[in-house]
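Residue numbers in the sequence shown follow full-length UniProt numbering, run continuously in steps of one, and reach 344 at the last position.
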Amino acid sequence: MDGRGILGLVWAGWRRGLRGCSEAKDAGIVTRARHQLQAGGSSRRLRPLGDPPFPGPLQPENLSREQLVEVLRAAVVDRKGPLVTLNKPQGLPVTGKPEELTLLSVLPELSQSLGLGKQELQVVRAPGKETSGLVLLSSCPQTASRLQKFFIHSRRAQRPTVTYCAVTDGIPAVSDGKIQAALKLEHTDTVSLVVPVKDPSRKDILEGVKKTLSHFRVVATGSGCALVQLQPVTAFPSQLQVHMVLQLCPVLGDHMYAARVGTVLGQRFLLPAASTKPQKQVLADALLRRLHLSPTQAAQLPLHLHLHRLLLPGTRPKDTPVELLAPLPPYFSRTLQCLGLRQQ
């Protein structure tokens, strides 16, 4: 059966969206990792300040290959035909050095664990290491190729296919719009940082500067924060974090770029990106109280950026795209509850 026939079998089952991950039953480090993957509900009781309010990011270097495969099995939210959908925890890189444990490095074992035999999974779409959310895998090369062409065509037509949810420290000046910025990646001995480039020249473009575009919509506001839907049209490392910094509303838990936003007498302004070093995000005392966090806990706050929604093509060219959903992480839901932000 070719890719078109396989897709025809797959789409109908996804029109109802994806369900949350199953609960973990085993003890130990794998169980703690699984707990990060369970969907959190707004009705859950808030933990006391003395208890850890959120788990740390997944640390693959502390797992064996077998344990990481088990974590990924727990992260599976749907399987239809050749397609497997995961809800990736924050901290898991998609690619890396040959000796590192990554999503890509354990796909052969995951394929075997899921009973796919010689049909090895490949990555179709996935968010970056520090971002949680929907990962799409395929065991059929023809299906993967067809989907990749769909994503490329959509990008060229400037039609977003992914929607991220973010909680921002600060509220955008307008409720919806688009953010355009030329960005480049600067490498140092210890870290690689994305910096904006004003009025890029042709030489800049040839040397790696890229013009980027994202759409945004404010869904809810409260306590000086906002729940924002972000739809990147282009793809560039840390694009969404940097775009929100340019709006003077860094993503909550952004310990890489939030320091570029300064405040004087209650007014926010941008600090020079080239000379502002990354540091732990500093939150106002009032916001800490709303989040039930101490300053020490806030320094470990996870990045509140989650790939929540992905669109896939319908069976026929004129069909409405199919929507896939990945549940929010528990810490994300907890933050929405603390801030009184309701996702619509």
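We put the CB at the ideal spot given by N, CA and C, even for glycine.
Note on the stretch 238-281: whole alpha helix (DSSP H) runs with a minimum of 4 residues are 239-246, in chain order. Spanning the alpha carbons of residue 195 and residue 116 requires a straight line of approximately 42 Å. According to the DSSP secondary-structure assignment, residue 323 is paired through a beta bridge with 311.
When the alpha-carbon of residue 132 is set against those of 160, 152 and 94, the nearest one is in 94.
With contacts defined by Cβ atoms closer than 7 Å, residue 120 and residue 111 form a contacting pair. In terms of Cβ geometry, residue 229 and residue 255 do not form a close pair [threshold 7 Å]. In this chain, residue 192 is not harboured by any alpha helix (DSSP H); it is covered by the beta strand (DSSP E) spanning 192-197. Ranked by how close their Cα comes to the Cα of residue 238, the residues 222, 212, 217 and 224 have 212 in first place. Out of 102, 187, 233 and 284, the CA that lies nearest to the CA of residue 91 is found in 102. Annotated three-state conformation of residue 188 is coil, per DSSP. Residue 85 and residue 158 have their C-alpha atoms spaced approximately 25 Å apart. Sorting 314, 222 and 275 by C-alpha distance to the C-alpha of residue 260 places 275 at the top. Per DSSP, the beta bridge partners of residue 165 are 229 and 306.
Distance between residue 144 and residue 124, taken at the CA atoms: about 6 Å.
Taking the Cα of residue 329 as reference, the smallest distance to any Cα among 59, 62, 60 and 75 is reached at 75. Nearest to residue 307 by C-alpha distance, out of 292, 192 and 332, is 332.
In the structure shown, residue 205 falls within a helical segment according to DSSP collapsed to helix, strand and coil. With a contact defined as Cβ atoms closer than 8 Å, residue 161 and residue 58 miss out at about 26 Å. Your pair residue 170 and residue 248 checks out as a contact, with CB atoms roughly 6 Å apart and the cut at 8 Å. Buried is the label assigned to residue 146, since at least 16 other Cβ atoms lie within 10 Å of its Cβ.
Taking C-beta atoms as the reference points, residue 304 and residue 251 count as a pair closer than 7 Å. Distance between residue 337 and residue 109, taken at the CA atoms: about 38 Å. Note on residue 87: 16 or more other CB atoms within 10 angstroms of its CB, so buried under the neighbour-count rule. In the structure shown, the three-state DSSP call for residue 73 is helix. With distances taken between CA atoms, residue 177 lies nearest to 231 out of 201, 231, 291 and 184. Excluding its 5 nearest sequence neighbours in each direction, residue 82 has C-beta neighbours in its own chain below 7 Å: 6, 138, 139, 140 and 143, listed in chain order. Judged by DSSP in its simplified three-state form, residue 214 adopts strand. The DSSP-derived three-state label of residue 288 is helix.
Take the alpha-carbon of residue 165 and the one of residue 215: they are about 12 Å apart. For residue 181, the closest alpha carbon among the candidates 174, 205, 168 and 175 is that of 205.
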